[in-house]
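Quick note, the sequences are listed as chains S and Y, same order.
Numbering-wise (the working numbering), the first sequence opens with residue 361 and increments by one.
Numbering-wise (the working numbering), the second sequence opens with residue 361 and increments by one.
For every residue, glycine included, the Cβ atom is placed at its ideal position computed from N, Cα and C.
Keep in mind it's a predicted model, so treat the numbers as computed, not measured.
Number of protein chains: 2
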Amino acid sequence: MTEVAKKWVYRFGDGQAEGAAEMKNLLGGKGANLAEMSNLGVPVPPGFTVTADVCTSFYDHNETYPEDLSGQVDEAVSFIEEIVGAKFGDNEKPLLVSVRSGARVSMPGMMDTVLNLGLNDDTVVGLAKWSGDERFAYDSYRRFIQMYADVVMGLEHHDFEDILEDYKDTKGYLADTEITADEWKEIIVRYKKCVADNHDDPFPQDVNAQLWGAVDAVFGSWECARAITYRTLHDIPAGWGTAVNIQAMVFGNMGDSSATGVAFTRDPSTGENELYGEFLVNAQGEDVVAGIRTPQNISEDARKKAGSNDPSLEGLMPTTFAELTGIFDKLEAHYRDMQDLEFTIQDGKLWMLQTRAGKRATTAAIKIAVDMANEGLITKQEAVLRVEPASLDQLLHPTLDPKAERTVLATGLPASPGAACGEVVFSSDEAERLKAIGHEVILVRTETSPEDIHGMHAANGILTSRGGMTSHAAVVARGMGTSCVSGAGEVRIDYQKQIFTAGDQVIAKGDVITIDGSSGEVMKGEVATIKPKLSEDFNMLMSWADEARHLRVRTNADTPADARTAIEFGAEGIGLCRTEHMFFEADRIQAVREMILADSEEDRRTALDKILPMQRGDFIELFEIMGELPVTIRLLDPPLHEFLPHSDKEITGVAEAMGVDVEKVRSRVNDLHEFNPMLGHRGVRLAVTYPEIAEMQARAIFEAATEVARKNGKAPIPEVMVPLIATKAELDMVADRIVAVAEEVQAESGVKLEYQVGTMVELPRACLTADKIAERAEFFSFGTNDLTQTTFGISRDDSARFIGEYTSRGILEVDPFVSLDQEGVGQLIETAVAKGRSTRAGMKMGICGEHGGDPASVEFCHRVGLDYVSCSPFRVPIARLAAGQAAVTKKG
Amino acid sequence: MTEVAKKWVYRFGDGQAEGAAEMKNLLGGKGANLAEMSNLGVPVPPGFTVTADVCTSFYDHNETYPEDLSGQVDEAVSFIEEIVGAKFGDNEKPLLVSVRSGARVSMPGMMDTVLNLGLNDDTVVGLAKWSGDERFAYDSYRRFIQMYADVVMGLEHHDFEDILEDYKDTKGYLADTEITADEWKEIIVRYKKCVADNHDDPFPQDVNAQLWGAVDAVFGSWECARAITYRTLHDIPAGWGTAVNIQAMVFGNMGDSSATGVAFTRDPSTGENELYGEFLVNAQGEDVVAGIRTPQNISEDARKKAGSNDPSLEGLMPTTFAELTGIFDKLEAHYRDMQDLEFTIQDGKLWMLQTRAGKRATTAAIKIAVDMANEGLITKQEAVLRVEPASLDQLLHPTLDPKAERTVLATGLPASPGAACGEVVFSSDEAERLKAIGHEVILVRTETSPEDIHGMHAANGILTSRGGMTSHAAVVARGMGTSCVSGAGEVRIDYQKQIFTAGDQVIAKGDVITIDGSSGEVMKGEVATIKPKLSEDFNMLMSWADEARHLRVRTNADTPADARTAIEFGAEGIGLCRTEHMFFEADRIQAVREMILADSEEDRRTALDKILPMQRGDFIELFEIMGELPVTIRLLDPPLHEFLPHSDKEITGVAEAMGVDVEKVRSRVNDLHEFNPMLGHRGVRLAVTYPEIAEMQARAIFEAATEVARKNGKAPIPEVMVPLIATKAELDMVADRIVAVAEEVQAESGVKLEYQVGTMVELPRACLTADKIAERAEFFSFGTNDLTQTTFGISRDDSARFIGEYTSRGILEVDPFVSLDQEGVGQLIETAVAKGRSTRAGMKMGICGEHGGDPASVEFCHRVGLDYVSCSPFRVPIARLAAGQAAVTKKG
């Protein structure tokens, strides 16, 4: 065999290591940091890491290990034995180890740990002798049995707790510390019997079987339901796998000169630069987090602040405390980030068990980043990288008070963040009516449609039982900054009875519910919320992001309110103004319907003439708010049937209101029915067949620009966007009309206008022929919602039924409607960018789909050289930060 | 100016020419052939051609001409003047010219011609003197005024006819020949008055104004409604433009030594190698086609055959006849094709006015091609190129007797060729019932759905008022070879009253109608039809095509009947067996519905167990018919709601039949409703969420293969095709299941099977990531229907509302559902072929969309290196011929 054997195992300890911090992908976060700490000379118990490649190989090969793994593990065990001077399975001086998982990113609570491994009926005797503490030895053994039985053998943790509690009750003990060594021996017998009774195999006495059992359990837990759920929620690919860390045990429970604790180098809730941590004397790590004994503060300052009488570590062991804070400073300086550490003091000797970047609340993340930059520890650009852009969302919306109690009725998709509370209503008209008389309402619908806009505006929150993250309800709600839970499948609406059910709960119209658009939860009654407040640190960080970024950030805004909110959040223009929403207002929908019901172009023009002044008014207001910032206006996009009523009752109502025959309305509704409206008679296809609609809109835009120019002395530069282009010829036809209208308006007014005519690139064919389309289009705006729909052949409104299965099974790593599919859709965008600019050098390009507010997608947009992203107003800060990060990362 | 002036004008005449036959795109067919004839020494009146580039430039520049055109035209006029020895506009010896259009391909009747141009009140006097025939001169002048007024000035032809008829009535004349020169002068006065009365300008006396007016009219007529319609019908791009030919007039009406005629070198109806033509003595060309005088036969043979007493040209002018037939032979030998010629004899001198490849009936085209190859005039490969593949369609289906009278009620799309006649029925059940008791029926529906399959099978023909060329009705009908007219918008169906109306006609259930799926016409009553018969020549030509082609031709076949028809037409395998159609048969739909209504996987499996034996039976029959030919079976594709009823009545019926609660059925129907079913929960997405369905189908396939292997000693090699793949991961998941089932079946039976698992490439994302998908897929079959839908973002079922406008306006050159969009969709296919084969060298690839039977698309498939095309059975011969042509053309 000439093949070089693959290295599956990396050792660390004794001031050196085979790994290093930057090998996180292979060794996991924990393993890489253990290696790094060893290299730094920080005291770390010796050990080794079985790489994440083993995990991947394990699942690729039908859950079997590489042949040469076991030899490498044996050698690494010997390495530990040598340093510690103890032997694994030895009856005299047994080596005990911990086995822990360690994935590339921290997945708290998801993966399992086994401590004290290596103990059995014989080695425990050796441990008792060697440590000189029989009670400690048998306590450790019973802890091991309990943990191993739970984590590796799958038995119930509480069965063991019950045995212990029963025993203590018999003896009249309150605390575990009252149990003697001999009593632990009795408990161990009962524990082993419990294992034998509840499992095919007895508790293993072979220490190697123990070790491999634990390793199996770690790898096995990578695919347990909890881990899969966590990965889905946090977009972690299944293919990353986890590493396993096997490390010599050190004991914080070897008497009063021993202790164990956890610490953060700064406060993870507030970000204050204060040591934050807890410890327990004579305890193992699990005791600190278990909550049975109350942990003590590490520093005197913290103790005093907390008003605690329990002594601090600083008070109890001042030298060790000094060594510890020295190590904290060293590690924070080395990693240049706030650290989350675990340590154990064994008989006065300090051991560091773990260091990693500490998880922190968003507010803390911002403060720490800004502070560290001000301290000179990191650069401003690094500070920009330290805050997860998506996490800003929680700062911008009211959130549930975490302390408030809640009764969850159902869980849907977290479609638009923020918490909202109100009376349940089942129709948009009702929502509007109740809002007008001072009620707070939650609009509950199977799905919303453009006809619900007024009700959505009136509602505090929106709940739908159907539809995904990019359903109508979700998209519009995010645009409005209204919280929304969509696709809550457990919610069954009965419009007839004006109730909805969720499981066995029945909620009637007028009942109060609370929805949390950040978690997807639907709750009974009112749950208290907290109002957001943006800090100085937030503004500082955003200014640094702005300095760094190249991408401009625009907003998708259809209304003056949207536009104002977006400007407050720092939007630099409107990237998408959807004109159809303007058509639904009560005073215009009638004229719109007259237009649709018209039998001739002439009648259509008459109806359009009524809409023109209102539409012009919309644009005047938008232009005035946006000042000199660019405004992209998309021509009418949806199929005309969206503007017509559908139920018999509504049809009759409309016919009466308009004074036309019911049959005529019904027949037109039938004529316009489409099998697949998403792929139907919409977008530019409307402008081709009814050019008078596009002409009216163009006229409204140019007349508005003219009026603003007259008023302010400076004309806005509108960007007229033609949607759904598949071929250059259709753009030519419509662009000719727009240009003709612009010339007419200029001739009429004598005011010279600048404007651009461009297109929304949202079909694969437009990407593939972008070189031709760019001959006419002056700008491209990628409509990544529709582009994703067509590239995947998936309707976002219908995807809810299967997309969950796709992400949970790992067929899709992430919902492509949430984060841009860079491999497929991204390939088309790259093609379009290259082809478009090959025709028109430096052509202005941006995206205006929902992806404009998704950090990973923003990074992609930066990478492929777009000029801007456009997103809903509440996502503008996220996009600004993400764009800053993309620029910093690319440069760095 | 260093620019070289562009050449807009090409001269010919006097045994030489600036152009040649191969310059058709620039000079048009007529112009190129006039040049070619000149070069061949055939006597052609001198003239020149204004190129098609001028037409394009004219429309590109707001209907203005290139600056340097007029100078070039003046010089060319001088060139004619010199050869003829006459001067344009000269009062002594005036040059007269004809002005004719000439596009790249012949567009008979679409473009306009002006003869005798150059005559005015002065030059007519010169012509009278010079020709020595005053009557001829004034007759020519009045003809010119009449034609010019009609064609150039847009006056009504019949106004002039009326003047002439009135005049003759007054004089008591029956024939024009009775009118004298002076009388023509009077008529001319009246003609000119008619012009002045009906037009802003008088009849032009300036010969140059006449010339440019005529040129304007030719170019203008390129965009007239008739021309646009013709181009749309014949897929001719608007961008080709037309050339204009200006040529010295020769006169067949200068007395009895003059004549004019048209001829084909072989019979254009039958293909027999016999001269076929007609002429008139003392006449102009228009008289031959006008039908006022009955033309005479050219040859004595033809005269005898026709039993005519009118002398033949051979009899009247034997020398000229000999010269003429000599020229015919020369031209047919030169062009190596049957020629359609126009000639004029002026005072005994023969002039050839035009030659071009003669249009011919399909039967004739086949016979001429085979004969010419047998004569050694062309090669077999050239013969293969001589027949338009699409035209074979009319040979394979019954056609309307062209002599039969008809009352057209409405016209829809020619969705599936052939004529059919029967009683109108409005439901599939009724169609089946009536068919069973011996009625012939036409199924009339707004649109069909998979539930109509049994009715479509029972019907002679299908008529729908909605849907395009690739609607459900159209696709299924073509597959069955049943004639179909789809999307007949004028047809309004009232299911309640069991009638349909078309205009003011009302057709009730039971009334007989005839539909022509080749023309789209819907006719009242029974119209006689003719049965097809395939000739020896047809079989010979197909065998030559088969010798030439590289592409295999498979068929799309879902039923044994389809498969047998396809084999008769020469199919070499099944490229697409759609299994869903099998689910609709009465004995299975119940089990299918049980499966859909099941609440658990277990109940679903119970229902599937009932379907398994039937499905296995389907495949056994197909495998037996196909023998060793490959069979590609596609797993279930449509969304499940297609199998459920939708109206209240049907829902109740199904619930009763199944013994389940009506509300349960209704609720499931509602749950499964989709906004865009085309982009919904279908294809592989069903197999991901309900893997048990795919497993049942795989089991049926493999068990069927096993049984056929046992029976025949040889196992078929099934190709299992997973539809609608967007990512490799979803194929992996389903392919794993299929492989597992194959292994189970082999283990159970002990029979070893060969099989392949591949995928239908029908989404842009699959094309873009074909390299990855090919890691798992063993073959690709391009589903170009869905790929076209997603690439364009157009639903074929909804496209009817705008696609007509797109093709008539020239935005799309051709409906992309009829002929593959090579620029966009084709680009994706090329990408997928290259990427797929980069992973899996020589990977088998084909297409199975409707495009597999479209000649241009077949040519594309050959060019990009596909292995086969698959099309509906009746299109197999078309695909064979098209594939042969592609191979010959590419090699040539």
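For this session: Alpha carbon to alpha carbon, how far is His832 (chain S) from Val804 (chain S)? Give it in angstroms, no decimals.
Result: Just so you know, the alpha carbons of Val804 (chain S) and His832 (chain S) end up roughly 14 Å apart.
Exercise. Taking Cβ positions only, does Phe1035 (chain Y) come closer than 8 Å to chain S?
Worked result: yes
Exercise. Under 8 Å between C-beta atoms, does Arg1223 (chain S) make it to chain Y?
Worked result: no
Exercise. From what residue to what residue does the beta strand (DSSP E) around Met1120 (chain S) run?
Worked result: 1116 to 1121
Exercise. By DSSP, does Pro454 (chain S) sit in helix, in strand, or in coil?
Worked result: Strand at Pro454 (chain S).
Exercise. Nearest to Leu477 (chain S) by CA position, among S:Val512, S:Val1117, S:Ala946, is which residue?
Worked result: S:Val512
For this session: Determine the burial state of His517 (chain Y): buried for a count of at least 16 other Cβ atoms within 10 Å of its Cβ, exposed for fewer.
Result: exposed
Problem set entry | C-alpha gap between Ile606 (chain Y) and Ser1141 (chain S), whole angstroms | 50 Å
For this session: Report yes or no: do the segment 1036 to 1046 of chain Y and the segment 1152 to 1165 of chain S share at least 3 C-beta pairs separated by less than 8 Å?
Result: Note that the segment 1036 to 1046 of chain Y touches the segment 1152 to 1165 of chain S; at least 3 beta-carbon pairs, one per stretch, sit closer than 8 Å.
Problem set entry | Unbroken beta strand (DSSP E) run spanning Trp711 (chain Y), endpoints | 709 to 717
Exercise. Would a C-beta distance cut-off of 8 Å place Arg1240 (chain S) and Met1018 (chain S) closer than the cut-off?
Worked result: no
Exercise. Leaving out the 5 sequence neighbours to the left and right, which residues in its chain are closer than 6 Å to Ala509 (chain S) when beta-carbon positions are compared?
Worked result: Leu515, Val555
Problem set entry | Beta-bridge pairing of Gly1206 (chain S) - partner residues as DSSP gives them | S:Ser1141, S:Tyr1228
Exercise. Run through DSSP, which three-state label would Asp595 (chain S) get?
Worked result: coil
For this session: Please classify Ala427 (chain Y): does DSSP put it in a helix, a strand, or coil?
Result: Looking at the sequence provided, one finds Glu at residue 427 (chain Y) rather than Ala. Glu427 (chain Y) falls in the coil class under three-state DSSP.
For this session: May I ask you to report which of helix, strand or coil DSSP gives Cys1221 (chain Y)?
Result: helix
Exercise. Using the C-alpha atoms, what's the distance from Glu1135 (chain S) back to Ile1171 (chain Y)?
Worked result: The C-alpha of Glu1135 (chain S) is placed about 15 Å away from the C-alpha of Ile1171 (chain Y).
Exercise. Under the three-state reduction of DSSP, which class applies to Gly375 (chain S): helix, strand or coil?
Worked result: Here Gly375 (chain S) sits in coil by DSSP.
Exercise. Mapping DSSP to helix, strand and coil, what is Gly1252 (chain Y)?
Worked result: Bear in mind that the predicted position of Gly1252 (chain Y) carries a pLDDT of just 44, short of 50, making it too unreliable to give a figure here.
For this session: Compare the beta carbon distance of Gly1244 (chain S) and Ala908 (chain S) with 8 Å and say whether it is the shorter of the two.
Result: yes
Exercise. To the nearest angstrom, how far is it from the Cα of Gln565 (chain Y) to the Cα of Ile873 (chain Y)?
Worked result: 56 Å
Exercise. Quick one, which residues of the segment 1160 to 1190 of chain Y are near chain S if we go by CB-CB under 8 Å, in chain order?
Worked result: Arg1161, Phe1162, Glu1165, Tyr1166, Arg1169, Gly1170, Ile1171, Leu1172, Asp1181, Glu1183, Gly1184, Val1185, Gln1187, Leu1188
Problem set entry | Closest Cα partner of Val474 (chain S) within the set S:Glu702, S:Thr889, S:Met609 | With distances taken between CA atoms, Val474 (chain S) lies nearest to S:Met609 out of S:Glu702, S:Thr889, S:Met609.
Problem set entry | Span separating the alpha-carbon of Leu1091 (chain S) from that of Met1120 (chain S) | 10 Å
Exercise. What separation, rounded to the nearest whole angstrom, lies between the Cα atoms of Ala569 (chain S) and Gly667 (chain S)?
Worked result: Going by the C-alpha atoms only, they are around 48 Å apart.
Problem set entry | contact_flag[the segment 479 to 495 of chain Y, the segment 517 to 526 of chain Y] where n(CB pairs < 8 Å) is 3 or more | no
Exercise. Using a C-beta to C-beta distance shorter than 7 Å, which residues of chain S count as neighbours of Gln1149 (chain Y)?
Worked result: Leu1039
Problem set entry | Three-way DSSP call (helix, strand, coil) for Pro762 (chain S) in this model | coil
Exercise. Using a Cβ-Cβ cut-off of 8 Å (strictly less than) and excluding sequence neighbours within five positions of Glu1034 (chain Y), which residues of its own chain qualify?
Worked result: Non-local beta-carbon contacts of Glu1034 (chain Y) in its own chain, meaning distances under 8 Å to residues more than five positions away in sequence, involve Pro999, His1001, Gly1040, His1041 in chain order.
For this session: Could you tell me which residues DSSP puts in a beta bridge with Arg1045 (chain Y)?
Result: Arg1045 (chain Y) pairs with nothing; no bridge assigned.
For this session: Report yes if the CB atom of Thr889 (chain S) is closer than 8 Å to the CB atom of Asp761 (chain S), and no otherwise.
Result: yes
Exercise. Do you know how far the Cα of Gly686 (chain S) is from the Cα of Asp661 (chain S)?
Worked result: 17 Å
Problem set entry | Short CB-CB distance (under 8 Å) between Ser825 (chain Y) and chain S | no
For this session: Count the other CB atoms, across all protein chains shown, that sit within 10 Å of the CB of Leu534 (chain S); report buried if there are 16 or more and exposed otherwise.
Result: exposed
Exercise. DSSP on Met698 (chain S), reduced to helix/strand/coil?
Worked result: In the structure shown, Met698 (chain S) sits in coil (DSSP, three-state: anything other than H, G, I, E or B).
Exercise. Can Asp542 (chain S) and Met614 (chain S) be called in contact, C-beta distance under 8 Å?
Worked result: no
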